[in-house]
Each structure stands twice: as structure tokens, then as C-alpha cells.
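To convert, take the position in the sequence shown, counting from 1, and add 23; that gives the working numbering. For each residue, glycine too, the CB sits at the ideal point set by N, CA and C. The structure displayed is predicted, hence computed values, not measured ones. Take a look at the structure below.
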Amino acid sequence: MERAISVVFALCHVQAYIRLTSDDWEKYMVRDDPLWKKLEAMKVSPPSTNFTFEQRLARDNGWNSAFTARVMKEYRRFLYLAAKSGTDITPSVAVDEVWHLHLSYTRHYWDVLCGDILQQELHHGPTAGGQVERKRYHDQYAATLSRYSETFGEEPPADIWPDAQTRFSGLLRRVDVTRNWVVPKWPLRPAVIAGAAALVSACTMLTAAASGESDGGTNPAVFIGAGTAIVGGLIALFASLHAQSKKNKDSGCGAGTAGGIGGKDNDSSADGSGGDGCGGGGGCGGG
């Protein structure tokens, strides 16, 4: 009887094991990998620093702390992929921002990350530019997304790892937000359009009223209407800007000094065709 119970118990365990999907298996494989454990424990900033690596990263990109923590996790995953893939891989824009900053911490990057953790070099060089390179990085990034899913058993988060078309559709620049306003291009939100239209109408009404007053006729209703239009327009504009600001804050994509990449050295695209991308090579992933 006891033997039968033991057999049934063992079969249940085998069945539960078989039910593990390939995705679950990949997660367990990565989680127990000594390399992943080292990357998870990695701290770029020294313990005594008053301004940590993560705080600098958040400030430079206008990210909140929650989004910064998520991007740091994705950077660690990128490093894991770079070490394990055997081919060049390309990061997302957000992940590349972490990579750029990490490279400026030269002692930690080369001595700790490459020397102790990866135990191989991970280089970051500029694109040669041109349509051939653009296609190369586009395809390389798409392959990186596929490799991510295969390795970690889940799809990469779209707000950090967008699809390849979105990844290479923008052209970013550093902007000093203490001296510049960042305004989105058209088409704008309906509230912005309505607010602008109200302000234009108000100005027209005031001009007409001033002209009528010079001719000896005044109509108080005109001034009341113009004042109402101005107030309504301003409310619509500020409400729209506040909503956009809140959306950016919640998503982590603020209007800070976002670094733009048209190549691996933060160049604008050499051929003017937008972001050419960047990739990891050298000891980690060829190149």
C-alpha cells in the first residue's frame, strides 16, 4: 500500500513537471543561472554615494523612480542576452540610455561588469550610417526581441522595448528644459485645438470691439464674451498640458533631458534617416 502511494505521489510530481511550459522552463533556467544572479546583485554606485546611478539616470531622462527601476531590470536582461547570445544584439532606446550612462562609470563597467561578472568585454561603437546599416540594426533589434522572448519566457514590455518600426521612427535630441519648452507637433489634442481657437476668437473680438469703440460705439457684451473665451481657452490649454504631463510621469517618459540616439555614440543619423540604432559586440556577442 505504501509503495502504491509512493508511486502515485511520484507520478503526480512528474505530471506537474511535464505541465511546465517551455516559457516556465526558460524562466527557471535564467533564474538559477549564476550569471543572472550576479547581474541581479550588481550595484553600479559605491555604497557611500549621495547621488546614485539610478538617481542620475532618472534625472537625465525625466523618468520617475518606478520606471527607472523597471528599465534597470531590462538593462540587466540585455546584458544577460549579450553575454549568452553569441551574436550582436541591439537594445531599445531606454535600455541604451542606461548603457551609455554605465559606460561613463568606467571602473565599474570595465573592471566589475566586464571583468568580474561577464568575464568578457562588451563594446559599444558607432554605426557606420547609411541604409545598409539602418536595415542591419533594424533586423538585429527585431532578432533581439525574439531572443528576449525565447530566453525569458515572456514578451518584452512594450513601453521599454517597442517594436522595431517604433524603435527606429524617432529622432531624439538633448533638450535643456530649464531654458526651453517642449511642445508636441500637430496633430495636437482636441483640447489644445479648442483652446487655441478660443484665444484666436477672443483676440478677434477684442480687435473688433476696439475698432467699434473708436467709432463711438461700445458693446459690453463683446468684452464679456472675449474675456470668457480667453479664460476658457487658457483652461483648455492648461488642462491638456497637465494631462499630458501626468501621462508622461505615470509612464516614466518625462520631458527631461532625454538623450537621443541616431547611432551608438549618440550621433544623429549619419545619413539623416533617423535613429540607426546600436548594438553590443566584442567579447559579448561578436562584433
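Item, Value
"By how many angstroms is the C-alpha of proline 69 removed from the C-alpha of leucine 195?", "31 Å"
"At 4 residues or longer, and completely inside the region 73-99: list those alpha helix (DSSP H) runs for me, N to C.", "76-84"
"By the three-class DSSP mapping on this structure, what secondary structure does isoleucine 112 have?", "strand"
"Just the C-alpha distance for asparagine 73 and threonine 251, rounded to the nearest angstrom, thanks.", "50 Å"
"Quick one: Cα of arginine 82 to Cα of threonine 75, how far?", "11 Å"
"Within 8 Å, do at least three Cβ pairs link the region 183-195 to the region 124-142?", "no"
"State the Cα-Cα distance for the pair lysine 66 and methionine 95, rounded to the nearest angstrom.", "11 Å"
"Can you give the beta carbon distance from isoleucine 112 to arginine 170, rounded, assuming they're within the 8 Å contact cut?", "7 Å"
"Nearest-angstrom Cα distance between threonine 174 and tyrosine 103?", "9 Å"
"Since arginine 159 is in the alpha helix (DSSP H), which residue starts that stretch and which ends it?", "153-175"
"In whole angstroms, what is the alpha-carbon distance linking alanine 64 and tyrosine 164?", "27 Å"
"To the nearest whole angstrom, what separates the beta carbons of lysine 61 and isoleucine 140, a pair I think is in contact under 8 Å?", "5 Å"
"Give the DSSP bridge partners of histidine 125, in chain order.", "Per DSSP, none; premise fails for histidine 125."
"Rounded C-beta distance between alanine 106 and glutamine 143? I'm assuming under 8 Å.", "7 Å"
"When the distance is taken between beta carbons, is phenylalanine 101 closer than 7 Å to valine 118?", "yes"
"Compute the Euclidean distance between the alpha carbons of aspartate 55 and valine 206, then round it to the nearest angstrom.", "46 Å"
"Relative to the ligand SAH, is the shortest distance from any of its heavy atoms to the C-beta of leucine 136 smaller than 6 Å?", "This structure lacks the ligand SAH; in fact it carries no ligand of any kind."
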